[in-house]
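Read through the structure below, which is laid out as structure tokens, and then see the notes.
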Amino acid sequence: MTTPDDRARLRYTARTPEEFAAYTAGLVRHLGDLRTSLALLGQETSQALRETSVAGDGRFDARLRALPVERQLAKTIRSLESAAKSLERSALRRIAHDSRVAALPAQRAAKALEKANKKPPKSAPVNQNSASSPQPAENSYTEPRNIFDLKRPA
């Protein structure tokens, strides 16, 4: 359980980027120590379990009995490595977040200035015979617009 002092300390850690980075670095070191200890424990356990034989065992029976324990310890070690990498990523993302937040007022001011400096759009011409509107062709031929406009051969 966490005490109010622990909670206050974590609240302070969460609010300051330097403390956050230091705290996560400490956790990464601790997870590295746990990983080393578990790797050593896994080697010793593997050796002990593989040496344990029961009367009537075949050649590889002790090894096969030890495999589930070895796999679970290896899976735990991989999980610790993954947790350490995730903690490092979270510290880096926290730094990126703080730099983005610090740069945000300047970006907003630049965007507002750019928006204010935009020229108003030109109004559309009132005259329909302007040069910008397409003129209909003078000849009487028009392209078919759908299949019903096509003439059937006689």
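Numbering (our numbering), first residue to last: 3 to 156. Just so you know, even glycine gets a beta-carbon here, dropped at the ideal spot from N, CA and C.
Asked                                                                                                                            : Found
Any idea if L94 is buried or exposed, counting beta-carbon neighbours within 10 angstroms, 16 or more meaning buried?            : exposed
Counting C-beta neighbours from all protein chains within 10 Å, is the total for A108 16 or more, i.e. buried, or is it exposed? : exposed
With respect to the alpha helix (DSSP H) encompassing T15, which residues constitute its N-terminal and C-terminal limits?       : 6 to 17
Of the residues K77, Q74, Q49, which one's Cα is nearest the Cα of A64?                                                          : Q49
If you follow the alpha helix (DSSP H) that N119 is in, where does it begin and where does it stop?                              : 63 to 119
What did DSSP end up calling D59 once you bin it into helix, strand or coil?                                                     : coil
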